[in-house]
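In this note's numbering, the protein residues as written are 59 to 505.
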């Protein structure tokens with residue numbers, strides 16, 4: 059049986075199964091498309107008002123945590139919550155009437171190892187699937203195609219061989235990317251002529267590109283139709299290398315485990331198309347819950363319109379970003395997603411510096427195995443370096459780093475054998491010890 063026939067069989071089987079279950083996913087995809095086809099943001103907000111009212115009314119009438127806000131006038135009347143608040147008030151936040159209904163528990167430790175769980179009802183589960191299919195299609199992926207999924211595969215996440223085969227997913231573990239394994243993978247991909255999509259950590263894809271570069275490889279013929287980076291910032295360097303070697307444009311997806319897809323880059327731009335069909339997104343000031351001006355950096359706070367089992371109303375994601383208006387877009391876009399607050403470094407004048415500036419340093423020093431930029435004080439920084447042999451360009455690196463943080467910065471170089479990864483097996487390129495410490499002490503961090 060040809061791969062095209064098998065892919066079509068998977069495609070039609072998926073929709074037949076959805077139809078037998080009531081057609082919830084297909085209905086949601088139609089709703090998402092209808093939202094993105096609206097002519098104005100006002101029309102979209104009006105359409106979302108019904109979903110928002112249903113969420114807020116149910117929460118304020120059936121959740122002990124939200125009952126004090128029963129007389130709300132608008133979304134602004136609700137408090138901003140975060141993981142800690144949800145964790146400490148989990149039972150009170152959940153609506154009583156939904157506690158006996160079928161619920162899917164979603165577990166995450168993020169990258170730090172702090173346990174966190176939420177419930178999702180069937181409605182939310184279907185919406186997440188629809189969001190995934192809609193945004194995957196926008197990146198070039200077609201349901202039924204082989205998906206090369208590169209991430210950390212824990213026992214909880216790993217699919218059985220039968221399940222992976224039925225879904226046409228190749229589970230590639232970020233922990234298993236040594237040269238021999240990369241070589242074997244690339245050989246298999248070139249022999250397999252079926253259409254494929256990449257989905258995974260940019261750091262893992264970078265490692266594959268570095269291997270190809272070291273082999274002086276030409277672009278590969280692997281029939282890749284889409285490449286989506288998740289969970290980490292995507293640098294222009296990795297984006298261009300993946301396009302060069304695999305012949306498909308790469309986009310970055312902004313999502314999290316507890317909610318789903320919040321935004322995704324379009325193929326022809328660097329900004330992120332916000333999933334306004336499923337979320338309300340706000341950018342709030344760092345030290346208050348006031349909205350920032352268009353284009354200003356702040357905390358990304360979302361309201362999940364479809365999870366009634368654990369209402370996440372004005373949920374602080376812990377990420378930093380900026381929303382702006384673009385002339386060729388009907389709806390506001392995320393013009394910047396800078397990552398976690400604890401990943402942001404400040405220059406010696408107390409101004410935030412985008413992690414992308416530090417990511418741009420990496421390709422300038424290909425002799426380095428690993429590098430990490432750490433802020434330890436208001437003007438004190440450490441650069442961790444893992445390199446084989448002698449590093450002769452230390453002064454050049456120091457000058458480039460100081461051009462971003464200030465010439466009066468006190469910078470030390472720390473040569474190490476290995477820069478530890480997080481529990482998720484991601485490796486931070488930046489780390490701010492001051493922010494981490496202030497969070498532990500429950501202090502407001504200002505410079």
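We put the CB at the ideal spot given by N, CA and C, even for glycine.
Predicted model, so just to flag it, every value in this text is computed and none were measured.
Exercise. What's the C-alpha gap between residue 259 and residue 336?
Worked result: If I take the Cα positions, the gap works out to 24 Å.
For this session: Measure from the alpha carbon of residue 388 to the alpha carbon of each residue in 479, 362 and 334, then state which is nearest.
Result: Of 479, 362 and 334, the residue nearest in Cα terms is 334.
For this session: Tell me, to the nearest whole angstrom, how far the beta carbon of residue 206 is from that of residue 254; I am working on the premise that it is less than 8 Å.
Result: Sure, about 6 Å apart at Cβ, within 8 Å.
For this session: Starting from the Cα of residue 291, find the closest Cα among 176, 71 and 395 and give me that residue.
Result: Residue 291 has its Cα closest to that of 395, out of 176, 71 and 395.
Exercise. By the 10 Å Cβ neighbour count, where 16 or more other Cβ atoms means buried, how is residue 124 classified, buried or exposed?
Worked result: With 16 or more other CB atoms across the displayed protein chains lying within 10 angstroms of its CB, residue 124 is buried.
For this session: Could you tell me the distance, in whole angstroms, from the CA atom of residue 413 to the CA atom of residue 264?
Result: If you take the alpha carbons of residue 413 and residue 264, they lie about 17 Å apart.
Problem set entry | Start and end residues, alpha helix (DSSP H) containing residue 123 | Element bounds for residue 123: n/a, residue is neither H nor E.
For this session: Run the CB neighbour count on residue 245, radius 10 Å, all protein chains shown included, and call it buried at 16 or more, exposed below.
Result: With fewer than 16 other beta carbons inside 10 angstroms of its own, residue 245 counts as exposed.
Exercise. Using a Cβ-Cβ cut-off of 8 Å (strictly less than) and excluding sequence neighbours within five positions of residue 203, which residues of its own chain qualify?
Worked result: The residues are 65, 226, 252, 253, 254, 255 and 283.
For this session: Determine the contact status of residue 323 and residue 306, defining contact as a CB-CB distance below 7 Å.
Result: In this structure, residue 323 sits away from residue 306, with a CB-CB distance that is not shorter than 7 Å.
Exercise. Are three or more beta carbon pairs between the segment 427 to 439 and the segment 466 to 474 nearer than 8 Å?
Worked result: Taking a cut-off of 8 Å for Cβ pairs, the segment 427 to 439 and the segment 466 to 474 touch, as three or more such pairs fall below it.
Problem set entry | Beta-carbon gap between residue 429 and residue 489 smaller than 7 Å | No, the pair does not count as a contact, with Cβ atoms beyond the cut-off.
Exercise. At a cut of 8 Å, does the segment 416 to 425 reach the segment 293 to 304 through at least three beta carbon pairs?
Worked result: Output reads yes: the segment 293 to 304 touches the segment 416 to 425.
Exercise. With distances taken between CB atoms, is the gap from residue 53 to residue 285 smaller than 7 Å?
Worked result: Outside the shown range of the chain, which is 59 to 505, sits residue 53, and nothing can be said about it.
For this session: Could I get the ranges of all uninterrupted alpha helix (DSSP H) runs contained in the segment 302 to 342, with 4 residues as the minimum, in chain order?
Result: You should have found no qualifying run.
Problem set entry | With 16 other Cβ atoms within 10 Å as the buried cut-off, status of residue 303 | By the neighbour-count rule (16 or more Cβ atoms within 10 Å), residue 303 is buried.
Problem set entry | Buried versus exposed, by CB contacts within 10 Å (16 or more), residue 74 | Around the beta carbon of residue 74, fewer than 16 other beta carbons sit within 10 angstroms, so the residue counts as exposed.
Exercise. Under a three-way DSSP split, which group does residue 398 fall into?
Worked result: Reduced to three states, the DSSP call for residue 398 is strand.
Problem set entry | Other residues of its chain near residue 262: CB distance less than 7 Å, five sequence neighbours each side excluded | Around residue 262, the same chain offers 208, 232 and 235 as residues with beta carbons nearer than 7 Å, after the five sequence neighbours per side are excluded.
For this session: Leaving aside the five residues before and after residue 348 along the sequence, list all residues of the same chain whose C-beta is less than 8 Å from its C-beta, in chain order.
Result: Excluding sequence neighbours, residue 348 sits near 342.
Exercise. Would you call the segment 141 to 153 and the segment 106 to 124 touching, i.e. three or more CB-CB distances under 8 Å?
Worked result: Segments in contact, yes.
For this session: May I have a chain-ordered list of the alpha helix (DSSP H) segments no shorter than 4 residues that lie completely inside the segment 174 to 208?
Result: The qualifying runs are 180 to 196.
For this session: Within its chain, find whatever has a CB closer than 6 Å to the CB of residue 400; leave out the 5 residues flanking it on each side and keep chain order.
Result: When the five nearest sequence neighbours on each side are left out, the beta carbons in the same chain lying within less than 6 Å of the beta carbon of residue 400 are those of 490, 493 and 494, in order along the chain.
For this session: Give the DSSP-derived three-state secondary structure of residue 500 in the structure shown.
Result: In this predicted model, residue 500 has a pLDDT of only 40, less than 50, meaning its place in the structure is not dependable enough to derive any value.
Problem set entry | Sequence-distant residues of its chain with Cβ nearer than 6 Å to residue 350 (five each side left out) | Contacts found: 341, 343 and 356.
Exercise. In the structure shown, what three-state DSSP assignment does residue 136 receive?
Worked result: Correct three-state label for residue 136: coil.
For this session: Look up residue 358 in the DSSP assignment and give the residues it is bridged to.
Result: 341.
For this session: Check residue 363 in the structure and name its three-state DSSP category.
Result: Looking at residue 363 - three-state DSSP - the assignment turns out to be coil, as it is neither helix nor strand.
Exercise. If you drop the 5 nearest sequence neighbours on each side, which residues of the same chain put their C-beta closer than 8 Å to that of residue 472?
Worked result: Cβ neighbours of residue 472 beyond the five flanking positions: 440, 441, 442 and 443.
Exercise. Which residues in the same chain have their Cβ closer than 8 Å to the Cβ of residue 76, if we skip the five residues on either side of it in sequence?
Worked result: Cβ-Cβ distances below 8 Å link residue 76 to 82, 83 and 84 in the same chain, with the five nearest sequence neighbours on each side left out; the list follows chain order.
Problem set entry | Chain-order list of residues whose beta-carbon lies under 6 Å from that of residue 1 (same chain, five-residue window excluded) | The question about residue 1 has no answer here: the residues shown for the chain are numbered 59 through 505.
For this session: State the CB to CB distance for the pair residue 248 and residue 280, rounded to an integer number of angstroms; the pair is presumed to be in contact (CB under 8 Å).
Result: Sure, about 6 Å apart at Cβ, within 8 Å.
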